[in-house]
Amino acid sequence: MSRLNNVHPGEVLLHEFLNPLEITAYRLAKGICVQQTRIEQIVDGKRSITPDSAIRLGRYFGVTPQFWPNLQQMYDFEQEESRADRKAEYENIKVCEALAPYS
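Just so we're aligned: 826 in this note's numbering is position 77 of the sequence shown, and the numbers increase by one with no gaps anywhere.
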């Protein structure tokens, strides 16, 4: 079974909010009182959603502020788990012996 591509929160912002609502990065930046480059970097996947950005985006779009960091966290975990240099290391971690009977 193939896995879906890992989606950066900036892609969600662009394709689920900005494009359908015809809002530019400039207009969003003005609306949430941040620099336009912040929005552009988020949309380009070059910047993470910070708690500050999450609160601003949540208020602007009428969603919970937790929506954004949840997307960011899922993205970050997927990125970390897919790192080839750590994959074998993660797979070699064994359950704590004291907990083994319960796993």
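Using N, Cα and C, we set each Cβ at its ideal position, and we do this for glycine too. Just so it is clear, the structure is predicted and the values come from calculations on it, not from any experiment.
Taking 8 angstroms as the cut-off, the beta carbon of E838 is found no closer than this to the beta carbon of N755. The way I'd put it, the region 839-849 doesn't touch the region 808-823; fewer than three beta-carbon pairs between them come closer than 8 angstroms. Nearest C-alpha to I791 among G780, E760, Y775: E760.
With 16 or more other CB atoms across the displayed protein chains lying within 10 angstroms of its CB, P758 is buried. Contact check for F816 and F766: beta-carbon distance about 11 angstroms, past the 8 angstroms limit, so the pair fails to qualify.
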